[in-house]
Amino acid sequence: MEMTRRDLFALAAGLAAVGLISLPADASEEAVKAAVEKFAGGMPKSGGVEIVAPEIAENGNTVPIEVAAAGATSILVLAAGNPNPGVATFHFSKMSAESRGATRIRLAKTQEVVAVAKMADGSTTMSRREVKVTIGGCGG
Amino acid sequence: MSNIKPRVKVPSTAKPGEAIVIKTLISHPMESGQRKGKDGKPIPRKIINKFVATYNGEEVFSADLLPAIAANPYIEFSLKLNESGTLKFVWTDDDGSTFDLENKIKVA
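Chains A and B are the protein sequences, given in the same order. Heads up, the first sequence is in my numbering, so the first residue is 140 and it goes up one at a time. Heads up, the second sequence is in my numbering, so the first residue is 489 and it goes up one at a time.
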């Protein structure tokens, strides 16, 4: 097969994408999976939940986060690297202008924040976002 | 504790169907149960575990909170209202005590 420069770039991009998807599992990945499955009743499809969080949080004791997913009836927030992954669940109603909630959370170390949204029809989607933590919250 | 005090920021008026942002805060230590005291014993967990907002008696937003919520839990959400009424907030502590606040909103 003739390998053009363009093919090579496409291949490299593909490999990079695969690498990103298969990030190493955290120690509490099992607990995260259990919490997600309990909430969603299965593994949700990925993407579709907006997570607004600082890229670098200086103080893990109070990290502002915001989650949103259009049409969601509830959103579960998890911190994958905390001793206990659970953070909060927001429940919306037909009087919610947007399925969006914001709060401040504790992060023990640099980790991924996971958000799972449950839609009115029962389908679920999940997104992740990494937050780097300079000084961890919890413990002390 | 006597210093637990809820505060909210709610617009007093809104247009029908307009998105309004509700900001709430309650001063509370949110003791996670993970920390150890000076004697080396864990400090028992004591957090606000539930927040509910109702409008004219109907639940419009709620949140289940766990120890990973920062001290002085801050919660922000949005609503769109079609009629005037009373927005009531209730925070529930692990020990069963509740703290509440009411705000009237005029929709016109």
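Where a beta carbon is used, it is the ideal one built from N, C-alpha and C, also for glycine.
Partner residues on chain A for B:Leu553, Cβ-Cβ distance less than 9 angstroms: Val226, Ala227, Thr228, Thr242
Member of B:Gly505, B:Glu564, B:Ser515, B:Lys534 whose CA lies at the smallest distance from the CA of A:His230: B:Glu564
Local conformation of A:Val188 per DSSP, three classes: coil
Beta-carbon proximity list for A:Ala259, same chain, < 7 angstroms, skipping 5 on both sides: Gly210, Thr212
Residues near B:Glu590 by beta carbon distance below 8 angstroms, same chain, minus five either side: Thr574, Leu575, Lys576, Phe577
Chain A contacts from the region 561 to 575 of chain B (Cβ-Cβ distance under 7 angstroms): Pro561, Tyr562, Ile563, Glu564, Phe565, Ser566, Leu567, Lys568, Leu569
Beta-carbon proximity check, A:Glu194 vs A:Ala207, cutoff 8 angstroms: no
Partner residues on chain E for A:Phe231, Cβ-Cβ distance less than 7 angstroms: Protein chains in the displayed structure are A and B, and chain E is not among them.
Rounded straight-line distance, which links the Cα of B:Lys511 to that of A:Arg267: 25 angstroms
Reduced DSSP secondary structure (H/G/I, E/B, other) of B:Glu571: coil
C-beta neighbour in chain A for B:Ile508, strict 8 angstroms: yes
Exposed unless 16 or more other CB atoms sit within 10 angstroms - verdict on A:Glu251: buried
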